[in-house]
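**Student:**
In the working numbering, the protein residues as written are 887 to 1100.
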């Protein structure tokens, strides 16, 4: 009975370590993906410090891999010292996660305001020409995230590009890829065909970004 209990405990620990390795792989993938697509988004942020989250994600992924390795070795060798170290590290990771969640909740509004303000500056420089870096970045983001405007399509009505063109339309990047007849005209938005436009989708919607990652 005792041997059976030990075997079950070892199996649980090995399974837990596999979860750590899986989480480490996912985090490293997400962090690397952020680095890869940074060129499409760098115009929306004022400095390179926006890459810090990607660095942190990769670092956490590497840490989880090391934790899983320690736990696996300690489990296989049945090392009390190793298992004690593994448990202490797990407690530290748990406490750190709680702190990060609390800080994220406290500062989320401030971060959203900063990002919103930064993106608004870029949208105001949009001129609709592909050679222009800012315009190319906006079109790329709207196509990738399937969004239109910072919060919705009406944000375009406040841009200089919309006022200067006087054609009552949004960029073609607001059109769905499957809608070949879409010309960006706002006349189609009353009511808008859901298969043609994406007027209600916000480019600040974080889940939309992660849907492009996975």
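The beta-carbon is built from N, C-alpha and C at its ideal position, and this holds for glycine as well.
1) What distance in whole Å lies between the Cβ atoms of residue 899 and residue 990, which are believed to be in contact at a cut-off of 8 Å?
2) Can you name, in chain order, every residue of its own chain whose Cβ lies under 8 Å from the Cβ of residue 992, other than the five neighbours on each side?
3) Among the residues of its own chain, which have a CB less than 6 Å from the CB of residue 1059, if the five just before and after it don't count?
4) For the alpha helix (DSSP H) holding residue 1030, just list the boundary residues, first then last.
5) Quick check on residue 887: buried or exposed, where buried means 16 or more other Cβ atoms within 10 Å of its Cβ?
6) Report, in whole angstroms, the separation of the C-beta atoms of residue 940 and residue 921, which I expect to be a contact under 8 Å.
7) List, from N- to C-terminal side, the alpha helix (DSSP H) runs of 4 residues or more that fit wholly inside the region 953-1013.
8) Near residue 917, which residues of its chain fall below 6 Å by C-beta distance, leaving aside the five closest residues on each side in sequence?
9) Under a Cβ-count criterion, where at least 16 other Cβ atoms within 10 Å of its own Cβ denotes burial, should residue 1045 be classed as buried or exposed?
10) Is residue 1093 helix, strand or coil by DSSP?
11) Go ahead and pull the three-state DSSP assignment for residue 1068.
12) DSSP has residue 1059 in a bridge; who is on the other side?
13) For residue 1023, count the other beta carbons within 10 Å of its own beta carbon; 16 or more makes it buried, fewer makes it exposed. Which is it?
14) Output the distance between the C-alpha atoms of residue 1102 and residue 961, rounded to the nearest integer angstrom.
**Tutor:** Concretely, from the data shown:
1) Their Cβ separation, rounded to whole angstroms, is 30 Å, which puts residue 990 and residue 899 out of contact at 8 Å.
2) In its own chain, leaving out the 5 sequence neighbours on each side, no residue places its CB closer than 8 Å to the CB of residue 992.
3) Apart from the 5 residues on each side of it in sequence, residue 1059 sits with its Cβ closer than 6 Å to the Cβ of 1025, 1028, 1029 in its chain, given in chain order.
4) Its alpha helix (DSSP H) spans residues 1019-1031.
5) Confidence at residue 887 is low in this model, with a pLDDT of 46, below 50, so the placement of that residue is unreliable and no value is reported for it.
6) Indeed they touch by this definition, with Cβ atoms about 6 Å apart.
7) Counting only runs of 4 or more, we get 966-1010.
8) If the five residues before and after residue 917 are omitted, its C-beta is found closer than 6 Å to the C-beta atoms of 940, 943, 944, all from its own chain and listed in chain order.
9) Within a 10 Å sphere around the beta-carbon of residue 1045 sit 16 or more other beta-carbons, which makes this residue buried.
10) Because residue 1093 sits at a pLDDT of 47, beneath the cut-off of 50, its placement in the model cannot be relied upon, and the following sentence gives the value as read from the coordinates. Annotated three-state conformation of residue 1093 is helix, per DSSP.
11) Three-state DSSP puts residue 1068 in coil, outside helix and strand.
12) Per DSSP, none; premise fails for residue 1059.
13) Per the 10 Å Cβ criterion, buried.
14) Lying before the first or after the last residue shown, residue 1102 is absent from the chain, which here runs from 887 to 1100.
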